[in-house]
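A.B. asks: Protein chains in written order, with this note's numbering: chain A, 1 to 114; chain B, 115 to 295.
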Amino acid sequence: MALLYVVYVLIGLSVFFALAGVVGMLRMPDAFCRMQSSTNIATLGVLGVIIGGIIYAFAFLHNGEMGVKLIVLGVFYVVTVPISGHAIAKGAYHHGVRPEKDMVCDQYGEDLEK
Amino acid sequence: MKKATFPDILSTAILLYCFWLLITGQLVSLCKGDPNVQVLIYGVVISLGVAVFSSRFFIHESPFYLYNPVKWVMMLVYVVCVFCIELIKANLDVAFRALNPALPVHPGIVKVPVDLKSEYGQSMLANSITLTPGTITMDIAEENGQTYYYIHWINVTTQDHKAAGDAIKGRLEKGVGRIWK
Chain A
1 MALLYVVYVL IGLSVFFALA GVVGMLRMPD AFCRMQSSTN IATLGVLGVI
51 IGGIIYAFAF LHNGEMGVKL IVLGVFYVVT VPISGHAIAK GAYHHGVRPE
101 KDMVCDQYGE DLEK
Chain B
115 MKKATFPDIL STAILLYCFW LLITGQLVSL CKGDPNVQVL IYGVVISLGV
165 AVFSSRFFIH ESPFYLYNPV KWVMMLVYVV CVFCIELIKA NLDVAFRALN
215 PALPVHPGIV KVPVDLKSEY GQSMLANSIT LTPGTITMDI AEENGQTYYY
265 IHWINVTTQD HKAAGDAIKG RLEKGVGRIW K
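#1: Hey, how far is the Cα of C145/B from the Cα of G139/B?
#2: Out of C195/B, P149/B, T251/B and I123/B, which has the shortest C-alpha to C-alpha gap to A92/A?
#3: What does the Cβ neighbour count give for C33/A, buried or exposed, with the cut at 16 atoms within 10 Å?
#4: Nearest to M35/A by CA position, among G248/B, T261/B, A216/B and G289/B, is which residue?
#5: With a 10 Å radius around its C-beta and 16 neighbouring C-beta atoms as the bar for buried, classify C105/A as buried or exposed.
#6: By alpha-carbon positions, which one of K185/B, G279/B and A212/B ends up nearest to I41/A?
#7: Return the first residue and the last residue of the alpha helix (DSSP H) that T80/A is part of.
#8: Between T244/B and G85/A, which are expected to be in contact by the criterion C-beta below 8 Å, what is the C-beta distance as a whole number of angstroms?
#9: How big is the Cα-Cα spacing for E287/B and D148/B?
#10: Can you give me the Cβ contacts of F178/B inside the same chain, cut-off strictly under 6 Å, excluding the 5 residues immediately before and after it?
#11: Counting only Cβ pairs nearer than 7 Å, list the residues of chain A close to V128/B.
#12: Which word fits T80/A, buried or exposed, when buried means at least 16 other C-beta atoms lie within 10 angstroms of its C-beta?
#13: I need the straight-line Cα distance from Y263/B to V193/B, nearest angstrom please.
#14: When DSSP labels each residue in this structure, what does D106/A get in the three-state scheme?
#15: Could you check what DSSP says for P227/B in three-state terms: helix, strand or coil?
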């Protein structure tokens, strides 16, 4: 039964991180910082649920097929999410999105102007 | 674009077939001892067919480099011991920044030198950095033989290339360096 509480704690933690990510997305000053906060949801927010689901599927449902599919889901998730994040950030910068509040430094913009 | 050679196609097909076994659920049936032979044979045909067309996009370096149990152990150590700890630390940091009433963010884009030579290693490190909350890799550039990442960083503490690199990717780069050259 102790394992069931591990599943509960994992899912509860991921709910906390998803909440923090949403609050961050609403409060952050510019587009790039909002993306940083959304990574919060995309990593521990989702991975906590997936890992909890894997433990639940193997230990309580005794459904190996479901557990293996969840593992594959987690692997694909981890591999594909950063690519879209990178593409959005680069696309936004080249399209002309600039932070309203000044950035501390912008070494990318300096090198692009060269 | 280089031409696909037979080892390229074979190594892609093996990887695709592993995913076929996982996704169709045949791996579990194989362990239990009653696999569906038809599905297994479809898998061979389909993964070979897909590999013929896709291996030249997928394989850029030595095709069987990763078919090496030592590398698998290294990768498991990297994912479980190095990456997970950095991920949890960064997640807590960004979560408390977002929930803090004062909203302490100092965003900026820094340029960071990277010493990895392998293309796969570079993209794995860039993806690890992007997955860590608080840092997003925006572009990769090469200057005078040295590779640079442009990284959007939510809390810029230093603008020096080297020091910023140590702060962002210090342990990650060592972990990736053990898997790829």
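Every residue gets a Cβ at the ideal spot worked out from N, C-alpha and C, and that includes glycine.
C.D. replies: On the basis of the data shown:
#1: 11 Å
#2: T251/B
#3: buried
#4: G248/B
#5: buried
#6: A212/B
#7: G64 to H95
#8: 5 Å
#9: 44 Å
#10: S125
#11: Sequence inspection shows Ile at residue 128/B; the Val mentioned does not correspond to that position. Neighbours of I128/B on chain A: none; closest Cβ ~16 Å, over 7 Å.
#12: exposed
#13: 21 Å
#14: strand
#15: strand
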